[in-house]
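Asker:
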Amino acid sequence: MNFKPIKSLIFSLLLLGNGAGYAADYQADVNPDTEYVAEAYFAALMAGDRQTLLSLLAEDELIRSENQLRDPAYSQFLTNRYSSARLEIAGSGVLGEFHTVDIIIWLNEVESINERLILRATESPEGTAYRIVSREELNI
Numbered sequence: 001m002n003f004k005p006i007k008s009l010i011f012s013l014l015l016l017g018n019g020a021g022y023a024a025d026y027q028a029d030v031n032p033d034t035e036y037v038a039e040a041y042f043a044a045l046m047a048g049d050r051q052t053l054l055s056l057l058a059e060d061e062l063i064r065s066e067n068q069l070r071d072p073a074y075s076q077f078l079t080n081r082y083s084s085a086r087l088e089i090a091g092s093g094v095l096g097e098f099h100t101v102d103i104i105i106w107l108n109e110v111e112s113i114n115e116r117l118i119l120r121a122t123e124s125p126e127g128t129a130y131r132i133v134s135r136e137e138l139n140i
């Protein structure tokens with residue numbers, strides 16, 4: 001599989017801008033299915049549900065995360081870290097064949113993780129599903 005187009009897109013996204021201002025530029029193309037994936041991703045983090053996380057990932061992100069997510073001890077780490085966290089969706093949109101969702105995971109009142117989830121639609125017998133193909137840290 002050739003990952004250069006994905007890496008080029010990610011680089012372009014980063015050049016265009018980081019944060020909520022960028023999200024506002026393309027927010028009109030909000031797709032509830034991709035926001036659902038972001039919510040499922042967060043719920044899986046909170047529950048330490050490694051299987052669900054594996055099912056939500058594809059391509060580069062699956063390759064990058066698979067070994068860690070196959071480790072049973074990682075479930076406890078996830079539960080400890082995210083059990084009392086809350087999710088905020090800062091924006092979402094479409095850039096070509098990629099969909100993006102900018103999220104803020106509040107670990108407590110002052111500490112947060114800001115990420116852009118980059119998703120691509122995949123076809124299956126059940127229909128179209130979106131998978132996270134990359135995650136990028138944001139400076140929101």
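In case it helps, our numbering puts the sequence shown at residues 1 to 140.
Just so you know, even glycine gets a beta-carbon here, dropped at the ideal spot from N, CA and C.
Here the structure is a predicted model, which means the values were calculated and not measured.
(1) Considering only residues of the same chain and omitting the five flanking positions on each side of L45, which have a CB-CB separation below 6 Å?
(2) Can you list, in chain order, the residues of its chain with a C-beta nearer than 6 Å to that of L54? Leave out the 5 residues immediately preceding and following it.
(3) For the alpha helix (DSSP H) that contains R81, what are its first and last residues?
(4) Unbroken beta strand (DSSP E) runs of length 3 or more, entirely within the stretch 82-132: which are they?
(5) With H, G and I counted as helix, E and B as strand and the rest as coil, what does DSSP make of R135?
(6) Report the rounded CA-to-CA distance for D49 versus Y36, giving the unit in angstroms.
(7) Are the beta-carbon atoms of R116 and T100 separated by less than 8 Å?
(8) Would you call T122 buried or exposed, if buried means 16 or more other Cβ atoms sit within 10 Å of its Cβ?
(9) Starting from D33, follow the alpha helix (DSSP H) in both directions and report where the run begins and ends.
Answerer: So, from the data block:
(1) Short of 6 Å from the beta carbon of L45, and not among the five residues preceding or following it, lie these beta carbons of its own chain, in chain order: L78 and Y82.
(2) Result list for L54: L69, in chain order.
(3) R81 -> alpha helix (DSSP H) spans A73 to Y82.
(4) Runs of the beta strand (DSSP E) lying entirely within the stretch 82-132, each at least 3 residues long, are 86-95, 98-106 and 112-124 in chain order.
(5) Under the three-state reduction of DSSP output, R135 falls in the strand class.
(6) Just so you know, the alpha carbons of D49 and Y36 end up roughly 16 Å apart.
(7) Contact flag set, yes.
(8) Its Cβ having fewer than 16 others within 10 Å, T122 is exposed.
(9) Bounds of the alpha helix (DSSP H) holding D33 are P32 to A47.
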